[in-house]
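Residue numbers (this note's numbering), protein chains in the order written: chain A, 417 to 704; chain B, 294 to 552.
Reviewing the structure listed below.
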């Protein structure tokens, strides 16, 4: 393979990429002129002008407060349920490693069963993860009716898929020699999980879980679009009724919520990660 | 009574030979020192004895249990009777010293009791752990996290875990390789005392003088093969010994420094 040949290939690949980008632009009707068209300008002007001043009527603010609370409640409950359900699934979808789980040592039936469980739980997690939250919400609205409950179920389902996979991967990542040290004391796999895998990966575990809580909070704000509770319901109603002043208030409220969640998450993470003994040695404080 | 019966045990890692046709018998209550160069198969032998890995060929019988035909419940029960001290990765860095020591008996606990002990130690547990930590000079480190301890202290925690497990056999993989001479003496004396009480101790080490002083029997491995098996006094006169410490010593001085 000479250099000239390679250069030709690189040029060709670059060219194909550029062609692909141009085609995508054409197919999605991308146009900078759209911003300059009189009708668009008029619509945008009406929308932007309508946003100000934000609706500050007391009754409306009160109802927004209630909806915000509902949004927080949905994400909090969904994240908690997801943690509880993701844990057993993540344990089942950890790759069985070590000679004691080889076919020769545990025997073919057990070996096959262990790997079957592994692939089954991995598939369940992939399915839960693969369907987006909004689609889960649509399904659950049909199944259990309108309101915040299908929202909780939707966020739970999607979060199990994500957390389960992440937990399994961080538990697997613990140094194998440390795992072996635990196993040769006679501890079973769950005890190794409780005493080695979990404590060692706790910082990452918390980090991922808190991040998921943040994501759920953001997702909960749009669940209302499909009738699954939260502040999104009001946002959609106000949009459809051209009540742009209400929309402005709602957008500001959501923005403040997201900022607040971000700040709380940051505080929790530094509190727990900089000083993990706060959590692990909690009994120490009780005893002293 | 033979606690370990190895018959032509071989261990292959892919194409690499960890151990080649090793046959030996270990009696209950022996204190065995395993010597050999790095890569001679010492750690492989230790891992085979504590049931972390299994022989590729040959038969290995530990406490009457044939390792190649062992079931999982049998394996867990057997491991409870064997305490292991590894060279590295010996303690869980994020857990307290007390919890690391407690791990020695984890296998005999129910899952519920395991979770309980993570949050709360019973007075009996606390008392026993304190007693063992005191004997190792770690009493005031009871609640400290292991990652805050020095290397030598971590090694002592690992030894404390072995003591806590009240095992019939202690398998120690270079327990004194990374500790100061004082701690090394402390650990060896503790193992010696356990051996007096009838515990079998198998450890590998590089310090020939310590091996000769403490062990009742020495085993030397060379390239995965058994080069010597006998009482310490004999070992100092064998070719295996000179190969271990390096031919140069003999060539230069013409004498055995340990005689």
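From the three backbone atoms N, C-alpha and C, an ideal C-beta is built for every residue, glycine too.
Query, Result
"Beta-carbon proximity list for residue 519 of chain B, same chain, < 6 Å, skipping 5 on both sides", "315"
"Chain-ordered residues of the region 601-615 of chain A with a beta carbon less than 7 Å from chain B", "601, 602, 603, 604, 606, 607, 610, 611, 612 and 615"
"Pick from A:568, A:496, A:438 and A:537 that is closest to residue 640 of chain A, judged by C-alpha positions", "A:568"
"Any C-beta of chain B under 8 Å from that of residue 505 of chain A", "no"
"Residue 510 of chain B, enclosing beta strand (DSSP E) - first and last residue", "510-515"
"Sub-8 Å separation of residue 368 of chain B and residue 344 of chain B beta-carbons", "yes"
"Secondary structure of residue 539 of chain B, DSSP reduced to three states", "coil"
"Simplified DSSP state of residue 600 of chain A, which is helix, strand or coil", "coil"
"Near-chain A residues of the region 319-343 of chain B - C-beta to any C-beta below 7 Å", "343"
"Cβ of residue 430 of chain A within 8 Å of any chain B Cβ", "no"
"Within 8 Å, strictly: CB atoms of residue 438 of chain B and residue 602 of chain A", "no"
"Buried versus exposed call for residue 632 of chain A [16 or more other C-beta atoms within 10 Å across all chains shown]", "buried"
"Per-residue burial, residue 552 of chain B [other beta carbons within 10 Å of its own, 16 or more giving buried]", "With a pLDDT of only 49 at residue 552 of chain B, under 50, the local geometry of the prediction cannot be trusted, and the value read off the model is given with reservation. Flag for residue 552 of chain B reads exposed."
"Start-end ranges of the beta strand (DSSP E) lying completely within the region 295-376 of chain B, minimum 3 residues", "295-306, 309-320, 324-329 and 350-355"
"Residues that residue 379 of chain B contacts on chain A, provided the C-beta gap is smaller than 9 Å", "593, 596, 597 and 600"
"Cα-Cα separation between residue 449 of chain B and residue 391 of chain B, rounded to whole angstroms", "12 Å"
"CB of residue 349 of chain B within 8 Å of CB of residue 304 of chain B, strictly", "yes"
"Helix, strand or coil at residue 480 of chain A according to DSSP, with G and I counted as helix", "helix"
"Local conformation of residue 415 of chain B per DSSP, three classes", "coil"
"Partner residues on chain A for residue 385 of chain B, Cβ-Cβ distance less than 9 Å", "594, 597, 598, 611, 612, 615 and 616"
"Partners in chain A for residue 369 of chain B, counting only beta-carbon separations shorter than 7 Å", "602 and 604"
"Short CB-CB distance (under 8 Å) between residue 585 of chain A and chain B", "no"
"Closer than 7 Å at the beta carbon, the chain A residues around residue 365 of chain B", "522"
"Interface flag, residue 346 of chain B vs chain A, CB-CB below 8 Å", "yes"
"Cross-chain neighbours of residue 411 of chain B in chain A, by beta carbon under 8 Å", "610 and 611"
"Residue burial classification, residue 434 of chain A (beta-carbon count within 10 angstroms, cutoff 16)", "exposed"
"Distance between beta carbons of residue 512 of chain B and residue 327 of chain B, contact taken as under 8 Å", "5 Å"
"Bridge partner(s) assigned by DSSP for residue 463 of chain B", "B:376 and B:494"
"DSSP state of residue 521 of chain B mapped onto helix, strand, coil", "strand"
"Residue 697 of chain A, DSSP secondary structure in three states", "Note that residue 697 of chain A scores a pLDDT of 47, beneath 50, so its modelled location is shaky; the value from the coordinates is reported in the next line. In this structure, residue 697 of chain A counts as coil in the three-state DSSP scheme."
"Residue 515 of chain A: contacting residues in chain B (beta-carbon distance under 7 Å)", "346 and 347"
"Euclidean distance between Cα positions of residue 549 of chain A and residue 646 of chain A", "14 Å"
"Three-state secondary structure assigned by DSSP to residue 538 of chain A", "helix"
"Proximity below 8 Å, CB of residue 538 of chain B to CB of residue 500 of chain B", "no"
"Sequence-distant residues of its chain with Cβ nearer than 8 Å to residue 627 of chain A (five each side left out)", "681"
"Of the residues B:311, B:317 and B:478, the one placed nearest residue 334 of chain B, counting alpha carbons only", "B:311"
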